[in-house]
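For the sequence shown, the numbering used here assigns the number 749 to the initial residue and increments by one for each residue that follows.
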Amino acid sequence: MKKLILLHGALGSASMFEVLTNNLKGDFEVHAFNFSGHGGAPVNEEGFGIEVFAEELQAFITKHKLEGADIFGYSMGGYVALYLAASQPNLIGKIVTLGTKLTWTAEGAEEETARLNPELMKEKVPQYAALLKERHGKKQWKQVIWQTAGMMLELGDEPLLTMENLPLITNQVTILLGADDTMVGKEESENVATILPNGKFISIPNMPHPLEKVDLDTLYEIIKNTLI
C-alpha cells in the first residue's frame, strides 16, 4: 500500500485531517503529525517557520521510515513539502498541494497578517478564537497566531520558493486550487505549475480556501486519482 503524509496549514493541526484520513486509509497508509507549536506540540527551540517545519518533516520521514512517501500539503503544508523537495527531491514521492500561496510579496504578507491578532480575533470572530484556543492550547494559541504572522512577513520579505529553486523540484507535483479560494490566486498557482519540471495545475469548482468548508469527498477522489 502506498504511503501518504498529510501536512496541515497555518493555524491548523493534524486533527483536522480525521475525516479525510478515514476516506484515504482504504487506499493509502496514512500518516500525519503536528508541526511544532501546533495542536499542542511543543515549540521548537530552533524557531518557527517553513525552514524549521521542513526539518521536522524530514525528521518525521526518517524516524518512521517513510522515504519516498507521497505528500498532501494543505496551504502552508504544501509550501513546506515543496521547500523540502527543492533540496531533497528523492526523499519524497509525489506532492499534491491545496490552497498553497506560492507567490509572496511584502504587500501581500502585510494584507494577510492584518487579521492575525488574537485580541482582534476574540472581538471580531470569537468562535474562531475559541476554536484556536482549543486546538493549540490556552497557553500557546496566541503565540501561534503571532508567530504565524511573523513567518508570513518574513516570506513577504524573502520568499523561500523562487525561480532559482522551483526548477530543482523534479517530483510530480499537482497544485490544486479551489475556484472560490479568495486567499490564493489562480495565476500564481498556474505560473508555478509551469515552472516546475513535472508540475500540473487543477482548479476545483465551488471549493473555498478553509479546509473546514472543503467537500472532502471531492478532495479524496482527486488525491486518489492523482497519486494512484
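Idealized CB from N, CA, C, for every residue including glycine.
In this text the structure is predicted, and so the values were computed from the model without any measurement.
- The C-beta of Leu-880 has 16 or more other C-beta atoms within 10 Å across all chains shown, which makes the residue buried.
- In terms of Cα proximity to Asn-946, the closest of Ile-923, Val-932, Met-955, Lys-961 is Ile-923.
- Only residues of its own chain outside the window of five on either side were considered, and among them Leu-754, Val-778, Ala-780 have a CB closer than 8 Å to the CB of Thr-769, listed in chain order.
- Exclusion of the five residues before and after Ile-893 leaves Leu-759, Leu-864, Asn-865, Pro-866, Met-869, Leu-880 as the residues of its chain whose Cβ lies within less than 8 Å of its Cβ.
- For Phe-801, the uninterrupted alpha helix (DSSP H) segment begins and ends at 798 to 811.
- The C-alpha of Leu-925 is placed about 8 Å away from the C-alpha of Phe-949.
- Ala-927 is classed as exposed because its beta carbon has fewer than 16 other beta carbons within 10 Å across all chains shown.
- The Cβ atoms of Thr-851 and Ser-823 do not sit closer than 7 Å to each other.
- A direct Cα-to-Cα measurement between Val-921 and Asn-973 gives close to 13 Å.
- Restricting attention to Gly-795, Ala-789, Thr-853, Leu-916, the CA atom closest to the CA of Gln-836 is found in Leu-916.
- When C-beta atoms of the segment 957 to 966 are compared with those of the segment 811 to 819, fewer than three pairs fall below 8 Å, so the two segments do not count as touching.
- Sequence-distant Cβ neighbours of Tyr-968 in its own chain, meaning closer than 7 Å and more than five residues away, are Leu-768, Asn-771, Leu-772.
- Following the DSSP letters along the chain, one finds His-884 inside the alpha helix (DSSP H) bounded by residues 874 to 884.
- Across the structure, Leu-944 and Glu-936 are spaced so that their CA atoms are roughly 12 Å apart.
- DSSP lists Ile-843, Gly-947 as the bridge partner or partners of Val-921.
- In this structure the segment 802 to 810 does not touch the segment 885 to 901; the number of beta carbon pairs closer than 8 Å is below three.
- Contact annotation, Gly-785 with Arg-883: C-beta distance approximately 11 Å; criterion of less than 8 Å not satisfied.
- Non-local beta-carbon contacts of Leu-975 in its own chain, meaning distances under 6 Å to residues more than five positions away in sequence, involve Asp-818, Lys-842 in chain order.
- Each residue's CA atom was taken as its position, placing Met-899 and Val-844 some 22 Å apart.
- The Cβ atoms of Ala-833 and Asn-919 lie closer than 7 Å to each other.
- Inclusion of Leu-839 and Leu-909 in the CB contact set at 7 Å is not warranted, their separation being larger than that value.
- Assigned with DSSP and collapsed to three states, Gly-821 falls in strand.
- DSSP places Leu-755 in the uninterrupted beta strand (DSSP E) bounded by 750 to 755.
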